[in-house]
Amino acid sequence: MSKSVTAILAASSLFLAELGSLSGCTSPASQAKVQIGQPIPEVTAVLSQQQKAVAPVTVFIAVDQTGSMNDARVSFLKPQDLNPLVTTIQSVGGTLAIASICSDSNRPLIRITYPQPPKLTTAAFHNPAKPEEPPKTGNPFKIKQARKEYGELSQVYQKLAAEDRQTLARYNQQIEELQRQNRLSYQKIESQIESLLNHPRNCQATDIQSSVHRANLLFQEPKSDLAKYPRRYALFITDGLDTFSSQPAKLTSDQVLLVNGSQAVGIFQTIPHQSFESPKAALEQLRWLIKHPESAK
Numbered sequence: 057m058s059k060s061v062t063a064i065l066a067a068s069s070l071f072l073a074e075l076g077s078l079s080g081c082t083s084p085a086s087q088a089k090v091q092i093g094q095p096i097p098e099v100t101a102v103l104s105q106q107q108k109a110v111a112p113v114t115v116f117i118a119v120d121q122t123g124s125m126n127d128a129r130v131s132f133l134k135p136q137d138l139n140p141l142v143t144t145i146q147s148v149g150g151t152l153a154i155a156s157i158c159s160d161s162n163r164p165l166i167r168i169t170y171p172q173p174p175k176l177t178t179a180a181f182h183n184p185a186k187p188e189e190p191p192k193t194g195n196p197f198k199i200k201q202a203r204k205e206y207g208e209l210s211q212v213y214q215k216l217a218a219e220d221r222q223t224l225a226r227y228n229q230q231i232e233e234l235q236r237q238n239r240l241s242y243q244k245i246e247s248q249i250e251s252l253l254n255h256p257r258n259c260q261a262t263d264i265q266s267s268v269h270r271a272n273l274l275f276q277e278p279k280s281d282l283a284k285y286p287r288r289y290a291l292f293i294t295d296g297l298d299t300f301s302s303q304p305a306k307l308t309s310d311q312v313l314l315v316n317g318s319q320a321v322g323i324f325q326t327i328p329h330q331s332f333e334s335p336k337a338a339l340e341q342l343r344w345l346i347k348h349p350e351s352a353k
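In terms of the working numbering, the sequence shown opens at residue 57 and continues consecutively.
See below:
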């Protein structure tokens, strides 16, 4: 993770921790008279659009670049096909790693890690209840006193509501800066991904086991910046036919997706997986699984 993203995360954590301190901007006596109600409309809109908190993910994608994939008639995975998946991973935080399956697949992965974005809660705001306007008929003295209290409470409400808007604006700025840093981080590896995915299917042998081994290493890495046990997903775009080994592959993953274009699955025969006809369909399912972790069995 880049130093700039780490700095943003630290600032975001400090920012969210300090949101509650804004209540000191208004006198305790005035605040005591204002009831706690629902968030102001602007805050409600953001909270309703905010995705529910889910654990970060580790996603491994391996693309077979051997000639047999032409025989399997599996469509190519294009660089732009990854964009929706990258956006989804950014929304929850996690690692994306991409590898090629070729004659020797034991090579470093192209990878990037996105921090978990801070989540906004109602506890970060005053959430003042709007005062009710007093009746206009009745005892003149009581009406006068009620109108005076109503005016005071209205002023306090407007002040607290303004502070909530400022809090929301600061949060939005933090999110915008984090998104900007995420885009810059992806741009640094984008050319590598394009080079890998645009590589012709001309490898003379298929070394899938080494790719599976790399996936296992990735999934077993200790995590410090993200949750200790992120959800793990693996997507293999391959016919499953390993030139060097016919032994069933062993993979530790919460969900495996396989795009192979045929009923034969090769070394994946003992690995529970979901089968897909095209890479795009598998990527769409992967995005759905990330957003609905309870469905990954």
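Glycine included, each C-beta is placed from N, C-alpha and C at the ideal position.
Worksheet item: So which of Q330, S301 and K336 has the shortest CA-CA distance to G322?
Response: S301
Discussion item. Buried or exposed for N162, going by 16 or more other Cβ atoms inside 10 Å?
Written reply: exposed
Item to complete: Keeping to the same chain, check which residues put their C-beta closer than 8 Å to that of A217; ignore five residues upstream and five downstream.
Response: In its chain, beyond the 5 residues on either side, I96, H182 and P184 have a beta carbon closer than 8 Å to the beta carbon of A217.
Worksheet item: In terms of residue numbering, what span does the alpha helix (DSSP H) encompassing A111 cover?
Response: Per DSSP, A111 belongs to no alpha helix (DSSP H) and is neither H nor E.
Fill in: Member of L339, K336 and K306 whose CA lies at the smallest distance from the CA of Q325
K306
Discussion item. Among Y242, V148 and D263, whose alpha-carbon lies nearest the alpha-carbon of R343?
Written reply: Out of Y242, V148 and D263, the CA that lies nearest to the CA of R343 is found in V148.
Discussion item. In this structure, how does DSSP classify V268 when only helix, strand and coil are distinguished?
Written reply: Residue state for V268 is assigned as helix, using DSSP reduced to three classes.
Worksheet item: Three-state secondary structure (DSSP) at Q237?
Response: Note: Q237 maps to helix in three-state DSSP.
Worksheet item: Looking at the structure shown, is P196 part of a helix, part of a strand, or coil, going by DSSP?
Response: helix
Item to complete: Express the C-alpha separation of D127 and T299 in angstroms, rounding to a whole number.
Response: 15 Å
Discussion item. Need the endpoints of the beta strand (DSSP E) that V315 sits in, please.
Written reply: Q311 to V315
Practice prompt. Have a look at the DSSP bridge pairing and note the partners of D137.
Written response: Note: D137 sits in no beta bridge, so no partner.
Practice prompt. Classify H348 as buried or exposed, calling it buried when 16 or more other Cβ atoms lie within 10 Å of its own Cβ.
Written response: exposed
Practice prompt. Starting from D120, follow its DSSP beta bridges and name the residues at the other end.
Written response: I157
Fill in: Top-ranked residue by Cα proximity to D137, from R236, P278 and S334
S334
Worksheet item: Does DSSP put R257 in a helix, a strand or coil?
Response: Judged by DSSP in its simplified three-state form, R257 adopts coil rather than helix or strand.
Fill in: Cα-Cα separation between A290 and L152, rounded to whole angstroms
Taking the CA atoms as reference points, A290 sits about 10 Å from L152.
Worksheet item: Of all the beta strand (DSSP E) runs that stay within the bounds of the segment 163-211, which reach a length of 3 or more residues?
Response: 166-170
Worksheet item: Looking only at its own chain, which residues have a Cβ that is under 8 Å from the Cβ of G93, when we skip the five neighbours before and after it?
Response: The residues are N183, P184, A185 and K186.
Worksheet item: Are the segment 155-175 and the segment 97-117 touching by the rule of at least three beta carbon pairs closer than 8 Å?
Response: yes
Worksheet item: Under three-state DSSP, which class holds G149?
Response: coil
Worksheet item: Under 9 Å between the Cβ atoms of K89 and E277?
Response: no
Item to complete: Closer than 6 Å by C-beta to A261: which residues in its own chain qualify, once you throw out the five before and the five after it? Chain order, please.
Response: S159 and T299
Discussion item. Comparing C-alpha positions only, which one of K175, A202, N316 and E340 sits nearest to Q107?
Written reply: The candidate whose alpha carbon is nearest that of Q107 is K175.
Item to complete: Check the C-beta distance from I145 over to I327 and give it rounded, since I have them as a contact under 8 Å.
Response: In fact, because the Cβ distance is near 23 Å, the residues do not count as touching under 8 Å.
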